[in-house]
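Undergrad: Would you mind keeping the following structure in view while I ask a few things?
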Amino acid sequence: MKIKQCEVVQVSKSNPISEPSPPGLNSFELLKFLSRYLRIDSSAAAQVAQHLYEIGLISYPRSESTKYSYDFVVVLEQLYHNLKIVNGTNVSGRYENRIMEVIEKMEIDTIENAKNKGVDSLDHPPITPTQKRLINYDESGQRRYSNNQYLNNTDKIVYNFIVRRFLAIFMDAYSYCKNAVKFKVGRHEFEYSFFTTQKAGFTELLPELIKNGTNDKNLSFNIGSKFPFDVKVKEIPMPFLEEYELIQNMEDHNIGTDGSIPNHIAVIERVKYVKIDNDTFTLEPELLGTLLVNAYKDCIPDLINPKCRARFIKDIRCIASGEKSFTEVYEKYLKEFDENFQRLSKALFLYFNEHVDKFRGCFPNNKCVTEKRR
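Quick note, the sequence shown lines up with residues 0 to 373 if you use numbering that gives the first Met the number 0.
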């Protein structure tokens with residue numbers, strides 16, 4: 000018998016889940032957000048942030064800290080007017096009047112909560128919009144200087160985000176509920192879940208951070224209700240890693256720094272280890288990259304393990320804190336790296352000769368691979 004309807008057999012709604020407003024903005028979060036939500040790659044993002052810093056609109060853009068000092072200042076009215084000037088050119092089409100209305104009505108009674116958030120990495124303060132005006136006027140009221148003339152479209156999008164992100168730290172928490180509906184089709188059961196917003200909080204300024212899968216259309220399901228259905232089967236391949244995910248992994252494993260990560264990503268694309276899609280920002284491994292990864296796994300598996308890097312960074316910090324001596328750490332890793340280098344120099348030559356035909360495909364116009372085999 001052909002089944003024509005599915006039946007709702009279970010409906011549930013979680014207690015409100017709360018996410019506190021964010022701490023200060025550091026370089027990692029800047030790069031990840033711009034890559035993921037605004038489709039500005041890490042190299043371009045770093046260049047734009049540097050430009051905004053050089054013309055005095057933001058603080059130093061390379062910092063790992065997310066905690067503000069106790070003497071930072073907020074000039075809400077000035078930031079509102081700067082943002083109004085930037086948005087007046089309609090640069091992105093993403094930001095609606097609602098965001099400006101929220102900022103216009105904001106009242107920052109205290110900055111104590113903002114000062115208590117985040118982590119001080121003992122480098123530079125979090126990335127912050129300065130008090131500098133985009134437009135200045137002389138005593139007669141005539142416009143005499145404008146930073147706006149130095150901002151291109153991408154500059155404005157990044158500045159817009161930095162201001163919104165800064166003001167979001169003073170907003171309330173964002174809360175939502177998870178709703179789940181279980182359907183039964185014959186002997187099979189399927190679950191559909193979605194989120195409903197309880198309190199918008201800081202997402203009024205950062206709508207990009209609203210939970211993916213949110214549906215606030217007041218959907219109502221009752222146990223026992225029946226619906227017609229259709230079955231479609233689609234194979235979904237394993238997705239490639241996106242740039243923001245790579246940045247997150249590099250941050251988690253202490254690979255690179257806030258200033259060097261964009262360069263590392265640019266290098267692996269330039270030397271053809273990966274190919275980066277300009278639309279999706281996904282990183283597709285190239286043949287050479289795949290072969291080298293396999294070679295390193297075979298030759299020096301311990302050294303390329305991210306845990307090795309994390310352990311090294313941890314020991315370096317132990318030197319700074321006085322828990323370990325420089326000599327102890329130096330001798331330990333010098334010996335370890337030398338052993339791995341010796342192992343690699345011997346094993347890589349053998350590995351290369353065993354897989355020379357595969358490597359030849361990476362260099363179709365280069366005779367070196369063929370000559371090496373001889």
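For each residue, glycine too, the CB sits at the ideal point set by N, CA and C.
Does residue 30 pass the burial test, meaning 16 or more other C-beta atoms within 10 Å, or should it be called exposed?
TA: For the purposes of this step, residue 30 is taken as the residue at position 31 of the sequence shown. Buried, since its Cβ has 16 or more Cβ neighbours within 10 Å.
Undergrad: Relative to the C-alpha of residue 241, which candidate in 87, 32, 178 and 134 has its C-alpha closest?
TA: Taking the first residue of the sequence shown as position 1, residue 241 is located at position 242. Per the Cα distances, 32.
Undergrad: Please determine if the segment 9-17 and the segment 172-179 are in contact, where contact requires at least 3 C-beta pairs separated by less than 8 Å.
TA: Contact holds: three or more Cβ-Cβ distances are below 8 Å.
Undergrad: Skipping 5 residues on each side, what residues in its chain have a beta carbon closer than 6 Å to that of residue 339?
TA: Locating residue 339 in the sequence shown gives position 340, where the first residue counts as 1. So the list reads 299 and 302, once near-sequence residues are dropped.
Undergrad: Span of the alpha helix (DSSP H) holding residue 123?
TA: Position 124 of the sequence shown holds residue 123. Where residue 123 is concerned, there is no enclosing alpha helix (DSSP H), given that its DSSP letter is neither H nor E.
Undergrad: For the candidate residues 168, 330, 311 and 286, whose alpha-carbon lies nearest to that of residue 362?
TA: Taking the sequence shown and counting its residues from 1, one reaches residue 362 at position 363. When each option's Cα is compared against that of residue 362, the closest is 286.
Undergrad: Out of 259, 206, 291 and 325, which one is the CA nearest neighbour of residue 36?
TA: In the sequence shown, counting from the first residue as 1, residue 36 sits at position 37. Of the candidates 259, 206, 291 and 325, the one whose C-alpha sits nearest the C-alpha of residue 36 is 206.
Undergrad: Check residue 285 in the structure and name its three-state DSSP category.
TA: As a working note, residue 285 is residue 286 in the sequence shown. Note: residue 285 maps to coil in three-state DSSP.
Undergrad: Is the beta carbon of residue 37 within less than 7 Å of some heavy atom of the ligand NAD?
TA: Absent from the structure shown: the ligand NAD. Ligands present: none.
Undergrad: Does the Cβ of residue 257 have 16 or more other Cβ atoms within 10 Å, making it buried, or fewer, making it exposed?
TA: The residue given as residue 257 occupies position 258 in the sequence shown. The residue in question, residue 257, is buried, as its Cβ has 16 or more Cβ neighbours within 10 Å.
Undergrad: Taking the straight line between their C-alpha atoms, what separation do you get for residue 347 and residue 359?
TA: Taking the first residue of the sequence shown as position 1, residue 347 is located at position 348. Taking the first residue of the sequence shown as position 1, residue 359 is located at position 360. When rounded, the distance between both Cα atoms is 16 Å.
Undergrad: Between residue 107 and residue 73, is the Cβ-Cβ spacing less than 8 Å?
TA: Your numbering for residue 107 matches position 108 in the sequence shown. Your numbering for residue 73 matches position 74 in the sequence shown. The answer is yes: Cβ separation under 8 Å.
Undergrad: Taking residue 265 as the reference, which of 245, 250 and 251 has the closest Cα?
TA: Here residue 265 refers to the residue found at position 266 of the sequence shown. Closest option to residue 265, Cα to Cα, is 245.
Undergrad: Put residue 17 into one of helix, strand or coil per three-state DSSP.
TA: Taking the first residue of the sequence shown as position 1, residue 17 is located at position 18. Three-state result, residue 17: strand.
Undergrad: Between the Cα of residue 109 and those of 119, 163, 132 and 70, spot the shortest distance and give me the residue it belongs to.
TA: Position 110 of the sequence shown holds residue 109. With distances taken between Cα atoms, residue 109 lies closest to 70.
Undergrad: Spatial neighbours of residue 89 within its chain, please: C-beta separation below 8 Å, excluding the five flanking residues on both sides.
TA: By one-based count along the sequence shown, residue 89 stands at place 90. Because the pLDDT of residue 89 is 49, which lies under 50, any placement of that residue in the model is unreliable, and the question is left without a value.
Undergrad: Decide if the segment 50-66 is in contact with the segment 150-170; the criterion is three or more beta carbon pairs, one per stretch, under 8 Å apart.
TA: Enough Cβ pairs lie closer than 8 Å, so yes.
Undergrad: Measure the CB-CB distance between residue 316 and residue 254 and report whether it falls below 8 Å.
TA: What you label residue 316 is simply residue 317 of the sequence shown in a count that begins at 1. What you label residue 254 is simply residue 255 of the sequence shown in a count that begins at 1. No, Cβ-Cβ distance for residue 316 and residue 254 is not below 8 Å.
Undergrad: So, is residue 203 buried or exposed, given that buried needs 16 or more other C-beta atoms within 10 angstroms?
TA: In the sequence shown, residue 203 corresponds to position 204, counting from 1. The residue is buried, with at least 16 neighbouring Cβ atoms inside 10 Å.
Undergrad: Given a cut-off of 8 Å, decide if residue 19 and residue 113 are closer than it, judged by their beta-carbon atoms.
TA: On the sequence shown, position 114 is the one that residue 113 refers to. On the sequence shown, position 20 is the one that residue 19 refers to. No; because the gap between Cβ atoms is not below 8 Å, this pair is not in contact.
Undergrad: To the nearest angstrom, how far is it from the Cα of residue 200 to the Cα of residue 17?
TA: What you label residue 200 is simply residue 201 of the sequence shown in a count that begins at 1. What you label residue 17 is simply residue 18 of the sequence shown in a count that begins at 1. Distance between the alpha carbons of residue 200 and residue 17: 10 Å.
Undergrad: On the DSSP bridge assignment, give the partners of residue 178 in chain order.
TA: Position 179 of the sequence shown, counting from 1, holds the residue named residue 178. In the DSSP output, where bridge partners are listed per residue, residue 178 has 12 and 193.
Undergrad: Taking the alpha helix (DSSP H) that residue 266 belongs to, which residues open and close that run?
TA: Walking along the sequence shown from the start, residue 266 turns up at place 267. Unbroken alpha helix (DSSP H) run through residue 266: 260-269.
Undergrad: Would you check if the segment 186-197 and the segment 73-84 touch, i.e. whether three or more CB-CB distances between them fall below 8 Å?
TA: Cβ pair count under 8 Å is below three, so no.
Undergrad: For residue 90, which three-state DSSP category applies?
TA: For the purposes of this step, residue 90 is taken as the residue at position 91 of the sequence shown. Low local confidence applies: a pLDDT of 44 at residue 90 is under 50, so the model's placement there is unreliable, and no value is given.
Undergrad: Report all residues from its chain with a CB closer than 7 Å to the CB of residue 167; omit the five preceding and five following residues, and keep chain order.
TA: Walking along the sequence shown from the start, residue 167 turns up at place 168. These residues qualify, in order along the chain: 20, 21, 201, 204 and 205.
Undergrad: When the distance is taken between beta carbons, is residue 295 closer than 8 Å to residue 34?
TA: As a first step, residue 34 is located in the sequence shown; it is residue number 35 there, counting from the start. As a first step, residue 295 is located in the sequence shown; it is residue number 296 there, counting from the start. Against a cut-off of 8 Å, the Cβ pair of residue 295 and residue 34 comes out as no contact.
Undergrad: Does the separation of the CB atoms of residue 291 and residue 357 fall below 8 Å?
TA: By 1-based counting over the sequence shown, the position of residue 291 is 292. By 1-based counting over the sequence shown, the position of residue 357 is 358. Cβ distance not < 8 Å, so residue 291 and residue 357 don't count as in contact.
Undergrad: Among residues of its own chain, excluding the 5 on either side of residue 210, which ones have a beta-carbon nearer than 6 Å to its beta-carbon?
TA: Your numbering for residue 210 matches position 211 in the sequence shown. Closer than 6 Å at Cβ, skipping near neighbours: 175 and 194.
Undergrad: Might you give, ordered along the chain, the residues of its own chain that have their beta carbon closer than 8 Å to the beta carbon of residue 2, omitting 5 neighbours on each side?
TA: Taking the sequence shown and counting its residues from 1, one reaches residue 2 at position 3. 184 and 185, listed in sequence order.
Undergrad: Who are residue 128's beta bridge partners in DSSP?
TA: Mapped onto the sequence shown, residue 128 falls at position 129. DSSP lists 57 as partners of residue 128.
Undergrad: Suppose contacts are defined by Cβ-Cβ distances below 8 Å. Is residue 284 in contact with residue 270 by that definition?
TA: Within the sequence shown, residue 284 is the residue found at index 285, counting from 1. Within the sequence shown, residue 270 is the residue found at index 271, counting from 1. Cβ distance not < 8 Å, so residue 284 and residue 270 don't count as in contact.
Undergrad: Among the candidates 280, 225 and 304, whose CA atom is the shortest distance from the CA of residue 252?
TA: Start at 1 with the first residue of the sequence shown, and residue 252 comes out as number 253. That would be 304, whose Cα lies nearest to the Cα of residue 252.
Undergrad: Which residue's Cα is closest to the Cα of residue 43: 115, 261, 215 and 101?
TA: On the sequence shown, residue 43 is found 44 positions in, with the first residue counted as 1. Closest option to residue 43, Cα to Cα, is 261.
Undergrad: Would you decide whether residue 102 is buried or exposed? Buried here means 16 or more other CB atoms lie within 10 Å of its CB.
TA: Within the sequence shown, residue 102 is the residue found at index 103, counting from 1. Buried, because 16 or more other Cβ atoms sit within 10 Å of the Cβ of residue 102.
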